[in-house]
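Visitor:
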């Protein structure tokens with residue numbers, strides 16, 4: 002299982018590069034097609050692993066968008082005894098290379114990384130928007146195919162629109178009453 006697609010994260014996980022996973026996927030689908038089989042790969046993905054930055058999580062979200070995959074389950078990284086990943090988590094150093102490693106520990110950042118992987122889930126909208134702003138990737142907010150989320154109206158704009166619609170409705174109802182039509186019925 003690849004668990005991520007960013008090579009910097011994969012190296013910290015002790016996994017091969019994304020290129021190898023992509024080659025495996027191509028071979029897997031070619032074999033399925035050759036034998037008229039409809040089997041699918043379901044990647045096992047992990048958020049907030051040592052080495053995973055918001056940029057890496059965004060890369061993963063873009064990859065999932067590009068392959069049309071909607072993730073339902075994501076494993077958040079939690080340290081487990083006697084692993085290199087846990088060593089990195091507590092020390093911020095990769096024990097194999099001695100290099101410093103970024104470790105996402107802030108609970109809110111971990112939430113944003115997870116939300117990015119599940120960017121299609123509407124309940125994650127605000128976290129995704131915040132993460133994209135923080136990473137200076139507002140190019141991924143819009144109506145283009147490459148965008149992860151569409152812009153939403155601000156609550157102030159929503160309230161103004163709601164009040165405007167209410168006022169229009171009240172004016173229409175007032176006009177109908179003056180003309181003798183029952184309230185709410187159209188002629």
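In this note's numbering, the protein residues as written are 2 to 188.
Glycine included, C-beta positions come from ideal geometry on N, C-alpha and C.
1) Sort 86, 73, 90 by Cα distance to residue 123 and report the nearest one.
2) Going residue by residue through the stretch 67-117, where are the continuous alpha helix (DSSP H) segments of at least 4 residues, counting only ones entirely within it?
3) How would you label residue 69, buried or exposed, when you count the other beta carbons within 10 angstroms and need 16 or more for buried?
4) Please go through the same chain and pick out, in chain order, the residues whose beta-carbon is closer than 6 Å to the beta-carbon of residue 78, but skip the five residues on each side of it.
5) When we look at the beta-carbon of residue 187 and count the other beta-carbons within 10 Å, is it buried (16 or more) or exposed?
6) Do residue 3 and residue 19 have their beta-carbon atoms positioned less than 9 Å apart in this structure?
7) To the nearest angstrom, how far is it from the Cα of residue 8 to the Cα of residue 38?
8) How far does the alpha helix (DSSP H) with residue 32 in it extend, from its first residue to its last?
9) The alpha helix (DSSP H) that contains residue 127, what's its start and end?
10) Terminal residues of the continuous alpha helix (DSSP H) containing residue 10?
Guide: In this structure, then:
1) Against the chain shown, residue 123 aligns to sequence position 122. Nearest C-alpha to residue 123: 73.
2) Within the stretch 67-117, the complete alpha helix (DSSP H) runs of at least 4 residues are 85-92.
3) Against the chain shown, residue 69 aligns to sequence position 68. Taking a 10 Å sphere around the C-beta of residue 69, we find fewer than 16 other C-beta atoms and assign the residue as exposed.
4) Taking the chain shown and counting its residues from 1, one reaches residue 78 at position 77. Within the same chain, residue 78 has close Cβ partners 47, 49, 50.
5) Reading the chain shown from its first residue, position 186 is the one you call residue 187. Reliability fails at residue 187, whose pLDDT of 48 lies under 50, so the model's placement of it is uncertain and no value is given.
6) Counting from one through the chain shown, the residue named residue 19 turns up at place 18. Counting from one through the chain shown, the residue named residue 3 turns up at place 2. It is a contact, given that the beta carbons lie within the stated cut-off.
7) If you number the chain shown from 1, residue 8 lands on position 7. If you number the chain shown from 1, residue 38 lands on position 37. Just so you know, the alpha carbons of residue 8 and residue 38 end up roughly 31 Å apart.
8) As a first step, residue 32 is located in the chain shown; it is residue number 31 there, counting from the start. Start and end: 19-35.
9) The residue you call residue 127 lines up with position 126 of the chain shown. For residue 127, the enclosing alpha helix (DSSP H) begins and ends at 126-135.
10) Translated into positions along the chain shown, residue 10 becomes position 9. That run of the alpha helix (DSSP H) goes 8-14.
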